[in-house]
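S.K.: So the sequence shown is residues -30 to -1, 1 to 614, counted in mature numbering (1 follows the signal peptide of the UniProt record, and there is no 0).
No residue lacks a Cβ here, since even glycine has one placed at the ideal position from N, Cα and C.
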Amino acid sequence: MGKICFKVLHAVLAALIVLAVMLPEGAARAAASSTLMLTLKVGSKEAKANGQALAIAAPFLENGSVMVPLGVFKKAFNSGVLLGSGDVVKVTYGPHTGAMTIGSTSAWKDGQKVKLAAPPRMVNGVLMAPLRFVAGVIGAKVSAGSGGSIVVTVSAAESGDGGLQGNGIDSEAGKTKVGNSYYEWSMNYPAGLIIGNSGGEESVATFASADNAYYLEVHVSPQEAATDADELLEQLVRGAEESGEIVLDREAVPQESTPYARIVSKDSSGVMWEGRQYYANGRLYELYLTDDHAENYKDFAKYAGLLGSFRPSFDNKDGTIRDLSTVRNGLRTAGSDDYGISLQIPAGWSADNQHLAYESKYGSYLKLNITSAPTASSLDSWEEELRLKDADLFVPGAYSEQGRTAAVVSGVPSRLREVRYNYGSGWITEYQVLLLRSGYRYYAEYAVPDGQDEDKAKFRDVLASLKIDFNTIKENFGRLEQNDYPALKNKTAAKISKNYGYTIHIPRLWTPSEGAFEMQNVEYRFTGGRFRIALLPGGSFDYTVNQLKEYYRNTSGDPKGPIVESVRDTKFAGVPAVEMTVRQNKRGIPSRIRAIVFSHADVVFTLTATLGDANATEAQQEVLERTLQSFRFTDEGKQEQRTN
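Printed below as a string of structure tokens:
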């Protein structure tokens, strides 16, 4: 594309800025609505953005892809658009970035390279782009409307007005640096640098060049001890050598305002990397850049300007820095597009958005779960289920319901329970949020150990930030798991091992950590305990018993144990066995261990059941006993697996 087209494109982008200022009424309507919506039609110059009529260049089909004027996304959703060098056009939306090259089918979405069905191109002075790619960048849903129209929607919770910092065209315009205000770093931001997706983990930032020339990662981790340039170099070299890499060049740079070290190494696949480390702010900053085309360590000299621009600092007054952080008031953005959920979590917590699980290093956590609601379920019946579950799983004195209140979550009346639990090592306050909508149960559990007052104080802000697009679940999912405790508490699944010739009935509410019954080790976990099957083919029964006794022998006389309470000969599953019971206080949690050793068909079996004192209710003990008594040897394992 020549210089004239560049001028036209700049004019288009300038017009977008003007239009953004001219549309306060539409923006106000969008803010008031729960969903932002764009409606358009192939061949029609009329569109609607959040109820407001727009005149646009008519969308058209090319190679099966609907091509639409890129500017309409700015009008409807306040996404950002920026022209870079080399015909590269960036689309930004909060922390998300897409990049296309005019005339090319290669594109990038949050750092991942994708192939377009049709390339973006200029048509009569208007930049036309593939609808589904741009919609994917901003997390929008595309569906068929009436009369052949196309409907593009985004939850207002995810929109530019939803609290994500840096939305809109200003998120890129004039930005020559990039960084993270929470983790305090910044560096140059070349026009061809594409921001990747780090899975919601702000301590890692990934980048790739639009021409696929290089890839860059920035990692930040806490490190209490100050480290000079020589020590940083030693860390880099040791890490490379432990990974089987060859160090081609190394340098300690103590004279800079922030001393650093750098190496160039080659990994086992022949790929070369430049690595750098800095220490500042009680943190270790690590940069890793690779160039697949590099053939010599000297080839990395061309990246010296980019890497050398890194600073372990962030100037909040510098308007040229694009801030990758979503941290505001100690909270950062998290959530899942699949479930239509967005929320704010404490900034220092780890995030697993795929499983909607978040936790701190000090024991606090938040988990969300969506299940299909049982027939005729209500908030009251659900609350009673939870009370029944507490009574079954915790002994009196190990839990205490503090209260229940009405709440409103994402505009829907909900229920909030506050319960305190003690597994033996200290009390934990648990806030349980119950929400029913359209046949689904939405459950949030926010738990804080005593002493973590800062996390406890943030609960209300986290709850207030929780936004749910309830239509997403209905669109993306059918029937989900039904977490009906009264119906499941006594159900089991018959598990069979053909290799080792046994079957056992495992409670449906137990969770497998090692659940392959054709392997030598099987383990299930449940509230306050675990159940384990360990097999030793060709092993000695007597030797295994003696090893078990030795393992639990308290040579130091530690009052916390382990203390062997009893060892007795018995029969189990019709064969001679030895049963041992042990008391132990591990990590502050007192528990009883029951181990049974026996031998059959040249295989030594050890079944171990561990149950914490706080959870040793009659119901739990009955479940364990039924599980043990369900163990049977099979006739070459020909029984069919079934569910009771």
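(1) Under 8 Å between the Cβ atoms of residue 221 and residue 231?
(2) Which residue marks the beginning of the alpha helix (DSSP H) containing residue 535, and which one marks its end?
(3) Applying the 10 Å Cβ sphere with the 16-neighbour rule, what's the burial state of residue 293?
(4) Assuming residue 192 is part of the alpha helix (DSSP H), what are its boundary residues?
(5) Do residue 420 and residue 397 count as a contact pair if the criterion is CB distance below 8 Å?
(6) Just verifying my parser: in three-state terms, what is the DSSP assignment at residue 606?
(7) Per DSSP, residue 369 is paired with what?
(8) What are the residues that DSSP puts in a beta bridge with residue 83?
(9) I'd like to check one pair, residue 564 with residue 579: are the Cβ atoms closer than 8 Å?
(10) Can you have a look at residue 299 and say buried or exposed, based on whether 16 or more other CB atoms are within 10 angstroms of its CB?
(11) Report the partner residues of residue 324 according to the DSSP bridge assignment.
(12) Out of curiosity, what's the CA-to-CA distance linking residue 117 and residue 89?
(13) Quick check: the segment 404 to 416 against the segment 381 to 391, are there 3 or more CB pairs under 8 Å?
(14) How close, in whole Å, do the beta carbons of residue 451 and residue 341 come, if the pair is a contact with beta carbons under 8 Å?
(15) Just the Cα atoms here: how many angstroms apart are residue 435 and residue 412?
(16) For residue 101 and residue 437, I'd like the C-alpha separation in whole angstroms.
(17) Cβ atoms of residue 551 and residue 536: under 8 Å apart, would you say?
(18) Would a C-beta distance cut-off of 8 Å place residue 303 and residue 466 closer than the cut-off?
(19) Quick one, are the C-beta atoms of residue 205 and residue 253 less than 8 Å apart?
(20) Buried or exposed, going by whether 16 or more other CB atoms sit within 10 Å of the CB of residue 85?
(21) Apart from the five residues on each side of it in sequence, which residues of its chain come closer than 6 Å, Cβ to Cβ, to residue 560?
(22) Should the segment 503 to 512 be regarded as contacting the segment 522 to 532, the criterion being three or more beta carbon pairs within less than 8 Å?
(23) Whole angstroms are fine: how far does the CA of residue 263 sit from the CA of residue 70?
(24) Taking 8 Å as the threshold (C-beta atoms), are residue 319 and residue 309 in contact?
(25) Determine the burial state of residue 596: buried for a count of at least 16 other Cβ atoms within 10 Å of its Cβ, exposed for fewer.
(26) May I ask which residues mark the beginning and end of the beta strand (DSSP E) holding residue 528?
(27) Give me the Cα-Cα distance between residue 173 and residue 459, rounded to the nearest whole angstrom.
(28) Does DSSP put residue 297 in a helix, a strand or coil?
(29) Whether or not the segment 36 to 49 and the segment 100 to 115 are in contact is what I'm after, with contact meaning three or more pairs of Cβ atoms, one per stretch, closer than 8 Å; do they touch?
(30) Provide the residue(s) that pair with residue 643 in DSSP beta bridges, ordered along the chain.
(31) Identify the residues that DSSP records as bridge partners of residue 397: which are they?
(32) What's the call for residue 449, buried or exposed, on a 16-neighbour Cβ count within 10 Å?
(33) By Cβ distance below 7 Å, which residues in the same chain neighbour residue 472 in space, the five residues on each side in sequence not counted?
M.R.: According to the structure shown:
(1) Yes.
(2) Premise fails: residue 535 lies in the beta strand (DSSP E), 533 to 542, not in any alpha helix (DSSP H).
(3) buried
(4) Premise fails: residue 192 lies in the beta strand (DSSP E), 185 to 192, not in any alpha helix (DSSP H).
(5) yes
(6) Confidence at residue 606 is low in this model, with a pLDDT of 46, below 50, so the placement of that residue should be treated as unreliable; the coordinate-derived value is given next. Three-state result, residue 606: coil.
(7) 391
(8) 78
(9) Going by C-beta atoms, residue 579 is nearer than 8 Å to residue 564.
(10) exposed
(11) Bridge partners of residue 324: none, in fact.
(12) Near 27 Å, if we compare the C-alpha coordinates of residue 89 and residue 117.
(13) yes
(14) 5 Å
(15) A straight-line Cα-Cα distance of about 15 Å links residue 435 and residue 412.
(16) 26 Å
(17) yes
(18) Taking 8 Å as the cut-off, the beta carbon of residue 303 is found no closer than this to the beta carbon of residue 466.
(19) no
(20) exposed
(21) 394, 583
(22) no
(23) 22 Å
(24) no
(25) exposed
(26) From DSSP, residue 528 is part of no beta strand (DSSP E); its letter is neither H nor E.
(27) 41 Å
(28) coil
(29) yes
(30) No answer is possible for residue 643: the residues shown for the chain start at -30 and end at 614.
(31) Per DSSP, 392.
(32) exposed
(33) 601, 602, 603, 604
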